[in-house]
Amino acid sequence: GAVVSQHPSWVICKSGTSVKIECRSLDFQATTMFWYRQFPKQSLMLMATSNEGSKATYEQGVEKDKFLINHASLTLSTLTVTSAHPEDSSFYICSARTTNRGRNYGYTFGSGTRLTVV
Amino acid sequence: GQQLNQSPQSMFIQEGEDVSMNCTSSSIFNTWLWYKQEPGEGPVLLIALYKAGELTSNGRLTAQFGITRKDSFLNISASIPSDVGIYFCAGQRLRGGSNYKLTFGKGTLLTVNP
Chain A
1 GAVVSQHPSW
11 VICKSGTSVK
21 IECRSLDFQA
31 TTMFWYRQFP
41 KQSLMLMATS
51 NEGSKATYEQ
61 GVEKDKFLIN
71 HASLTLSTLT
81 VTSAHPEDSS
91 FYICSARTTN
101 RGRNYGYTFG
111 SGTRLTVV
Chain B
119 GQQLNQSPQS
129 MFIQEGEDVS
139 MNCTSSSIFN
149 TWLWYKQEPG
159 EGPVLLIALY
169 KAGELTSNGR
179 LTAQFGITRK
189 DSFLNISASI
199 PSDVGIYFCA
209 GQRLRGGSNY
219 KLTFGKGTLL
229 TVNP
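The following block contains the structure:
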């Protein structure tokens, strides 16, 4: 089945530094990837839609200059949290849309990245 | 953003009991998906539904796509301790510039007592 690999699984960084999170589709090409943020005991909140070869589409209220998304290839999307602050501490999850003969098959999620900003 | 109404919020059951949870929306969805998430992990797809009225099973799990396309339910039969986790419904609209985005329910936390 489709596998999405997300790294790192956890990261601790100092306030003011930047952190990059990678999301790779291992056995399929993903033209569209999604980045979510999840706070404890809450649902997933979509941050942005990442399209290969074009600019990401951000959800309302998400700062595009703070959460930089790059989708330079069909198998890799990255999320960079710039000038991180403690309030950015959260669980970040990526997902990729999978299709079967052009039919929407579903969405495969990465295993998530726990970001702690100290 | 918009969220689906998922209930119940949490459930505490005994091993062997059946479980039912559902999601409703004021909007029509073209696809309903059910996911399970365990602590520190990303969601894992359980069942995908693509057609109104569709009833699909995956082992002890059964899910249905409501005929109005505004709701879906998930049943788990004969629960076991490893069923513990948070279950999320998710809907997708293919029109209106949605760009294949998913809308998630708030989740149902399931606890199974051995």
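Chains A and B, in that order, give the protein sequences. Residues 1 to 118 in this note's numbering are what the first sequence lists, from first letter to last. Residues 119 to 232 in this note's numbering are what the second sequence lists, from first letter to last. Think of the CB as a built atom: it goes at the ideal place given N, C-alpha and C, for glycine as much as any other residue.
Would you mind stating whether A:E63 and A:T31 have Cβ atoms separated by less than 9 angstroms?
-> Sequence index remark: in the first sequence, residue 63 of chain A carries index 63 (1-based). Sequence index remark: in the first sequence, residue 31 of chain A carries index 31 (1-based). With contacts defined as CB atoms closer than 9 angstroms, A:E63 and A:T31 fail to qualify as a contacting pair.
Put A:S77 into one of helix, strand or coil per three-state DSSP.
-> Counting from 1 along the first sequence, the entry for residue 77 of chain A is found at position 77. Reduced to three states, the DSSP call for A:S77 is strand.
Contacting positions in the stretch 83-112 of chain A - beta carbon closer than 9 angstroms to chain B = Residues passing the 9 angstroms Cβ filter: F91, I93, C94, S95, R97, R103, N104, Y105, G106, Y107, T108, F109, G110, S111, G112.
Does the Cβ-Cβ distance between B:N148 and B:R211 come in under 9 angstroms?
-> Residue numbering aside, residue 148 of chain B sits at position 30 when the second sequence is read from its first letter. Residue numbering aside, residue 211 of chain B sits at position 93 when the second sequence is read from its first letter. Using a Cβ distance threshold of 9 angstroms, B:N148 and B:R211 count as a contacting pair.
Own chain, CB closer than 8 angstroms to B:I131, minus 5 neighbours either side, in chain order | Working through the second sequence from its first residue, we reach residue 131 of chain B at position 13. Here the set comprises V137, S197, L228, T229, V230, N231.
Can you check whether the CB of A:G112 is closer than 9 angstroms to the CB of A:S5?
-> Along the first sequence, one-based indexing puts residue 5 of chain A at 5. Along the first sequence, one-based indexing puts residue 112 of chain A at 112. A:G112 is positioned such that its CB atom lies no closer than 9 angstroms to that of A:S5.
Using a beta-carbon distance below 9 angstroms, is B:F222 in contact with chain A?
-> Start at 1 with the first residue of the second sequence, and residue 222 of chain B comes out as number 104. Judged by the 9 angstroms Cβ criterion, B:F222 is in contact with chain A.
Cβ neighbour criterion (16 or more within 10 Å) applied to B:Q127 | Start at 1 with the first residue of the second sequence, and residue 127 of chain B comes out as number 9. A residue is called buried once 16 or more other Cβ atoms fall within 10 Å of its Cβ, and B:Q127, having fewer, is exposed.
Of the residues that make up the stretch 27-43 of chain A, which ones have a beta carbon closer than 9 angstroms to any beta carbon in chain B?
-> From the stretch 27-43 of chain A, only T32, F34, Y36, Q38, K41, Q42, S43 have a Cβ closer than 9 angstroms to chain B.
Entirely within the stretch 27-74 of chain A and at least 3 residues each: give me those beta strand (DSSP E) ranges in chain order.
-> Runs of the beta strand (DSSP E) inside the stretch 27-74 of chain A: 32-38, 44-51, 67-73.
Is A:V4 close to chain B, meaning its C-beta is less than 9 angstroms from at least one C-beta of that chain?
-> Counting from 1 along the first sequence, the entry for residue 4 of chain A is found at position 4. Among the residues facing chain B, A:V4 is included, as its CB has a counterpart in that chain under 9 angstroms away.
Contact set between A:L46 and chain B, taken where Cβ atoms lie within less than 9 angstroms | Sequence index remark: in the first sequence, residue 46 of chain A carries index 46 (1-based). What A:L46 touches in chain B: G119, K219, L220, T221, F222.
Where does B:S200 fall in DSSP's three states?
-> In the second sequence, the residue the question calls residue 200 of chain B occupies position 82. Reduced to three states, the DSSP call for B:S200 is helix.
State the Cα-Cα distance for the pair A:R15 and B:N123, rounded to the nearest angstrom.
-> What you label residue 15 of chain A is simply residue 15 of the first sequence in a count that begins at 1. What you label residue 123 of chain B is simply residue 5 of the second sequence in a count that begins at 1. In the sequence as presented, Arg is not what sits at residue 15 of chain A; that position holds Ser. One C-alpha to the other measures close to 36 angstroms.
Among B:A208, B:L220, B:T221, B:K188, which has the Cα closest to the Cα of B:S144?
-> What you label residue 144 of chain B is simply residue 26 of the second sequence in a count that begins at 1. The shortest C-alpha to C-alpha distance from B:S144 to any of B:A208, B:L220, B:T221, B:K188 is the one to B:K188.
Spell out whether any CB of chain B is found under 9 angstroms from the CB atom of A:R114.
-> For the purposes of this step, residue 114 of chain A is taken as the residue at position 114 of the first sequence. Yes, its Cβ sits closer than 9 angstroms to a Cβ of chain B.
Can you tell me the Cβ-Cβ gap for B:F183 and B:W150, rounded? I've got them flagged as a contact below 8 angstroms.
-> Residue 183 of chain B sits at position 65 when you count from the first residue of the second sequence. Residue 150 of chain B sits at position 32 when you count from the first residue of the second sequence. Confirmed, about 5 angstroms.
If you check the beta carbons only, do A:S182 and A:Q38 fall under 9 angstroms apart?
-> Because chain A in this structure spans residues 1 to 118, residue 182 of chain A falls outside the shown range and cannot be described.
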